[in-house]
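Numbering of the sequence shown is given in the working numbering, commencing with residue 9 and proceeding in unit increments.
C-beta atoms are modelled at their ideal positions from N, C-alpha and C, and glycine is treated no differently.
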Amino acid sequence: AQLYQLRGRVGRSRLRAYCYLMVNALERLSPDARKRLEAIQRHAELGSGFNIASHDLEIRGAGELLGGKQSGQITAIGFDAYARVLSEAVAELKGAPISYDHDPELAFDLPAFLPEAYIPDVGQRLDFYRRLSLARDRDQIADVLAELDDRFGSPPLEAEHLGMMMTCKAYGLRLRAMSLELRQSRFAIRLGDDTPLDPDAVLALARRSKGQIKVRPERILVNVRQPTGPDRRAQLHDCVKALADLAGTL
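Below, the structure written as structure tokens:
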């Protein structure tokens with residue numbers, strides 16, 4: 009993106025100029041550097057700044073949405089929090105009302121993203137990420153996933169993980185959860201002080217679960233199935249069910 013901006017600074021008004029960007033032997037460049045140069049070559053026309061920036065964002069790591077390979081401010085606070093803070097800042101500048109109904113923070117130790125091989129166009133991938141992130145209930149998420157299947161075919165495992173994780177997020181929002189964390193076979197739900205859950209109803213649900221759900225002072229712990237390989241859908245199904253059961257007590 010910086011090289012694209014630099015190229016755009018060459019020439020003024022009616023003065024025509026040329027910009028030559030030279031590198032050493034291509035084989036000495038890192039894979040990411042080659043991707044950046046290829047992006048600039050593909051988008052040579054005027055008004056390509058968004059496409060260049062989108063490619064740059066993916067190369068730096070945010071393309072996995074919730075993955076670990078991120079950089080800059082996104083690394084410090086996570087993609088969800090970064091997007092939320094950015095949207096609040098834009099709303100404040102526009103004088104629009106700011107919603108502080110914050111999404112729960114997600115920490116799932118599994119691959120959950122839309123692979124480039126599944127959706128080659130970066131703009132389309134970012135749009136589906138945005139729509140999944142903005143979905144507020146299970147039906148909205150199901151509609152987005154159905155459109156993915158219709159337009160691009162059966163989703164790969166990583167995309168299915170992402171859809172189920174966003175379903176967990178939607179339930180967490182309803183419960184006013186502060187965070188949802190999946191580590192191995194333990195799913196932790198940290199609730200906010202303003203949660204609508206009734207403590208007695210939650211304790212009754214925990215008793216009926218026969219040890220699967222445990223209530224702690226600051227969080228609810230759920231035992232889910234052990235991971236047996238890259239396919240984590242069974243685990244995520246247990247997480248979704250636990251959240252749905254909690255929401256069912258409201």
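Self-check item: For Ile197, the first and last residue of its enclosing beta strand (DSSP E)
Solution: Taking the sequence shown and counting its residues from 1, the one referred to as residue 197 is at position 189. Run containing Ile197: 194-199, per the beta strand (DSSP E) assignment.
Q.
On a Cα-Cα basis, can you pick out the residue from Leu140, Asp239, Ile48, Ala41 that is closest to Tyr28?
A. Counting from 1 along the sequence shown, the entry for residue 28 is found at position 20. That would be Ile48, whose Cα lies nearest to the Cα of Tyr28.
ask   = Would you say the region 168-176 touches the region 116-124, given that touching needs at least three Cβ pairs under 8 angstroms?
value = yes
Which residues bound the beta strand (DSSP E) around Val223? What you label residue 223 is simply residue 215 of the sequence shown in a count that begins at 1. Counting along the chain, the beta strand (DSSP E) containing Val223 begins and ends at 221-223.
For Val232, the three-state DSSP class (helix, strand or coil)
For the purposes of this step, residue 232 is taken as the residue at position 224 of the sequence shown. Coil, per DSSP.
Query raised in the report: Would you call the CB atoms of Met174 and Ile149 closer than 7 angstroms?
Result: Numbered from 1 along the sequence shown, position 166 holds the residue referred to as residue 174. Numbered from 1 along the sequence shown, position 141 holds the residue referred to as residue 149. For Met174 and Ile149, yes; Cβs fall inside 7 angstroms.
Kindly indicate which residue of Leu190, Tyr179, Asp129, Leu251 has the alpha-carbon position closest to the one of Ser141.
Reading the sequence shown from its first residue, position 133 is the one you call residue 141. It is Tyr179 whose Cα lies nearest to the Cα of Ser141.
Does DSSP put Phe116 in a helix, a strand or coil?
For this step, residue 116 is matched to residue 108 along the sequence shown. Residue state, collapsed to three classes: strand.
Report the three-state DSSP secondary structure of Met186 (helix, strand or coil).
For the purposes of this step, residue 186 is taken as the residue at position 178 of the sequence shown. It is a strand residue.
If we count the other Cβ atoms within 10 Å of its Cβ and call it buried at 16 or more, is Leu254 buried or exposed? What you label residue 254 is simply residue 246 of the sequence shown in a count that begins at 1. Burial call: buried.
Answer yes or no: do Asp111 and Leu181 have a C-beta to C-beta separation smaller than 7 angstroms? Your numbering for residue 111 matches position 103 in the sequence shown. Your numbering for residue 181 matches position 173 in the sequence shown. Against a cut-off of 7 angstroms, the Cβ pair of Leu181 and Asp111 comes out as a contact.
- Message: Once DSSP output is grouped into helix, strand and coil, what is the label at Arg191?
- Response: Residue numbering aside, residue 191 sits at position 183 when the sequence shown is read from its first letter. In this structure, Arg191 counts as strand in the three-state DSSP scheme.
>> Only counting the same chain, and skipping five residues up and downstream in sequence, which positions put a Cβ closer than 7 angstroms to that of Ile221?
In response: Within the sequence shown, residue 221 is the residue found at index 213, counting from 1. Same-chain partners within the cutoff: Leu213, Ala214, Ile228, Val230, Ala250.
Query - Runs of beta strand (DSSP E) wholly within the region 116-186 (minimum 3 residues, chain order) - result: Counting whole runs of 3 or more residues, the region 116-186 contains no beta strand (DSSP E) stretch at all.
Discussion item. Excluding the 5 residues flanking Arg184 on each side, which residues of the same chain have their C-beta closer than 6 angstroms to its C-beta?
Written reply: As a first step, residue 184 must be located in the sequence shown, where it is residue number 176. Cβ within range, chain order: Gly200, Asp202, Thr203.
Q.
Here's a check: name, in chain order, each residue in its chain whose Cβ is nearer than 8 angstroms to the Cβ of Val248, leaving out the five neighbours to either side.
A. What you label residue 248 is simply residue 240 of the sequence shown in a count that begins at 1. Close CB contacts of Val248 within its chain, under the 8 angstroms cut and outside five residues either way in sequence, are with Met172, Thr175, Cys176, Tyr179 (chain order).
query: Is it buried or exposed for Ser193, if we count other Cβ within 10 angstroms and need 16 for buried?
result: If you number the sequence shown from 1, residue 193 lands on position 185. It is exposed - the Cβ of Ser193 has fewer than 16 other Cβ atoms within 10 Å.
_For Glu39, the first and last residue of its enclosing alpha helix (DSSP H)_ = Here the question's residue 39 lines up with position 31 in the sequence shown. According to the sequence displayed, residue 39 carries Pro and not Glu. Taken as a continuous stretch (DSSP letters only), the alpha helix (DSSP H) holding Pro39 covers 39-50.
### Between the CA atoms of Phe195 and Ser62 - distance to the nearest angstrom
Here residue 62 refers to the residue found at position 54 of the sequence shown. Here residue 195 refers to the residue found at position 187 of the sequence shown. Using only the alpha carbons, I get a separation of about 33 angstroms.
field: DSSP-derived helix/strand/coil call for Leu23
entry: As a first step, residue 23 must be located in the sequence shown, where it is residue number 15. Leu23: strand per DSSP, three-state reduction.
Exposure of Gln13, with buried meaning 16 or more beta-carbon neighbours within 10 Å: Within the sequence shown, the letter at position 5 stands for residue 13. Exposed, because fewer than 16 other Cβ atoms sit within 10 Å of the Cβ of Gln13.
- Query: For Val152 versus Arg139, is the C-beta distance shorter than 7 angstroms?
  - Reply: As a first step, residue 152 must be located in the sequence shown, where it is residue number 144. As a first step, residue 139 must be located in the sequence shown, where it is residue number 131. Yes. Within cutoff.
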